[in-house]
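Numbering (my numbering), first residue to last: 5 to 320.
Notes follow the structure.
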């Protein structure tokens, strides 16, 4: 414990306040009654701008010292009182008439007790994520910034919307599934083996090449979508350590799905182009005097977040 205290003091002297607070928080978990450490932690948090955290630590230290008759109780209480005018506060207002049964409110992932709803509670300045959830209701969340130096913020939680009721098993089986986009289709028709015509293998090669180009185009589109979703998550929803709020998590999941689809589409498109080249250059030349045959070839390519398909067929 003494070693942690000395490390934190050196970090504070060097101006590395955030690191010093982290070391003192670690010491607090080892011994939550160490008064000197608590007082130093409160001072560290106050210097870091975390006024609510510092006020809580000073108040806790004052209570511990008072219960044991320690004279440091007066100092801790005075430090807490000096911070009170600077405390920023947030009140979470819940409509009494529209509160859903089993409603749960969380601030930054920590549950807020129903007895605290509507109360202006001290919070550290900065952004805070408020979430509301209840059985059978859609989840609601909001990111709200709290200014420093005695700001007052009220967050109004709306009446949560009902989740759509699940259909019975028989109705689900009869209900039509989600409509998928029609695959891109490329048709190439030409003369088959005959005078002036192309061998059917070369026609199929051209169809495969066209489908490969479609795959590369889809891969580029999904890649752009993945980058857009990732950039959107970084704009106020996720920090540098990839810690995200609810909206950021959804955007990151969408970006990952689009990235997977891009990789699949690029791979399949490249394979189709390679196959097209091989088919085209290994196709036999037309046999002189052979009866002309009409060759028709169809290629279809489709991609989704989880798969890419390519179908080539024809008649000749």
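C-beta: ideal position from N, C-alpha, C; glycine also.
Rounded C-beta distance between residue 219 and residue 276? I'm assuming under 8 Å. Contact check for residue 219 and residue 276: beta-carbon distance about 6 Å, within the 8 Å limit, so the pair qualifies.
To the nearest angstrom, how far is the alpha carbon of residue 255 from that of residue 209? So the alpha carbons of these two residues sit roughly 39 Å apart.
Of the choices 11, 108 and 41, whose alpha-carbon is the least far from that of residue 139? Minimum Cα distance to residue 139 is reached at 108.
If you run the structure through DSSP and keep just helix, strand and coil, what is residue 234? Secondary structure at residue 234: helix, using DSSP grouped into helix, strand and coil.
Starting from residue 31, trace the beta strand (DSSP E) in both directions and tell me its first and last residue. Premise fails: residue 31 lies in the alpha helix (DSSP H), 21 to 34, not in any beta strand (DSSP E).
In the DSSP assignment, what are the bridge partners of residue 132? Partner(s): 148.
Can you list, in chain order, the residues of its chain whose CB lies under 6 Å from that of residue 279, leaving out five sequence neighbours each side? Closer than 6 Å at Cβ, skipping near neighbours: 212.
Using the Cβ count rule (16 or more neighbours within 10 Å means buried), how would you classify residue 216? It counts as buried.
Quick one: give me the first and last residue of the beta strand (DSSP E) that residue 108 is part of. Counting along the chain, the beta strand (DSSP E) containing residue 108 begins and ends at 108 to 111.
Buried versus exposed call for residue 54 [16 or more other C-beta atoms within 10 Å across all chains shown]: Counting Cβ neighbours within 10 Å, residue 54 comes out buried, since at least 16 surround it.
Let me check one thing: in DSSP terms, what residues is residue 92 bridge-paired to? Its beta-bridge partners are 127.
Nearest to residue 70 by alpha carbon, out of 100, 90 and 37? Shortest Cα-Cα distance from residue 70 to any of 100, 90 and 37 involves 37.
Look up residue 321 in the DSSP assignment and say whether it is helix, strand or coil. Limits of the chain in this structure are 5 at one end and 320 at the other, which puts residue 321 out of reach.
Please state whether the Cβ-Cβ distance between residue 34 and residue 23 is less than 9 Å. The beta carbons of residue 34 and residue 23 sit no closer together than 9 Å.
Starting from residue 115, follow its DSSP beta bridges and name the residues at the other end. For residue 115, which the question treats as bridged, DSSP gives the partners 110.
With DSSP as the reference, label residue 97 as helix, strand or coil. The three-state secondary structure of residue 97, taken from DSSP, is strand.
Just mark residue 7 as buried or exposed, buried being the case when its beta carbon has 16 or more other beta carbons within 10 Å. Exposed.
Find out if the Cβ-Cβ distance for the pair residue 94, residue 157 is shorter than 9 Å. Yes, they are a contact pair.
Out of curiosity, what's the CA-to-CA distance linking residue 46 and residue 57? Cα to Cα, the separation comes out at about 7 Å.
Taking the C-alpha atoms as reference points, what is the distance between residue 20 and residue 97? The straight-line gap from Cα to Cα measures roughly 38 Å.
Mapping the DSSP letters down to three states, classify residue 239 as helix, strand or coil. DSSP places residue 239 in coil when its eight states are reduced to three.
Roughly how many angstroms lie between the CA atoms of residue 29 and residue 12, to the nearest whole one? Linking residue 29 to residue 12 through their CA atoms gives a straight-line distance of about 10 Å.
Taking just the CA atoms, how far does residue 85 sit from residue 77? Approximately 12 Å, taken between the alpha carbons.
Can you give me the start and stop residues for the alpha helix (DSSP H) that residue 71 sits inside? Unbroken alpha helix (DSSP H) run through residue 71: 55 to 71.
Classification of residue 196 by the beta-carbon crowding that lies within 10 angstroms, buried from 16 upward: Summary for residue 196: the model assigns pLDDT 47, below 50, so the residue's position carries little reliability; its value from the coordinates is reported in the next sentence. Here residue 196 is buried. Its C-beta has 16 or more other C-beta atoms within 10 Å.
Own chain partners of residue 122 with C-beta closer than 8 Å, once the 5 adjacent residues on each side are dropped: Correct list, in chain order: 95, 96, 97 and 98.
Alpha carbon of residue 272 to alpha carbon of residue 227, nearest angstrom: One Cα belongs to residue 272, the other to residue 227, and the distance between them is close to 14 Å.
Keeping to the same chain, check which residues put their C-beta closer than 6 Å to that of residue 184; ignore five residues upstream and five downstream. At residue 184, the pLDDT of 49 sits below 50, so the modelled position is not reliable; the number obtained from the coordinates is stated separately. Listed in chain order, the non-local C-beta contacts of residue 184 below 6 Å within the same chain number zero, local neighbours out to five positions each way being set aside.
Do residue 159 and residue 134 come within 9 Å of each other at the CB atom, strictly closer than that value? Taking 9 Å as the cut-off, the beta carbon of residue 134 is found closer than this to the beta carbon of residue 159.
Whole-angstrom Cβ separation of residue 32 and residue 41, contact assumed at under 8 Å? Right, the Cβ-Cβ distance comes to about 6 Å (below 8 Å), so this counts as a contact.
When DSSP labels each residue in this structure, what does residue 143 get in the three-state scheme? Coil, per DSSP.
Relative to the C-alpha of residue 143, which residue among 151, 132, 165 and 88 is closest? Of the candidates 151, 132, 165 and 88, 165 places its Cα closest to the Cα of residue 143.
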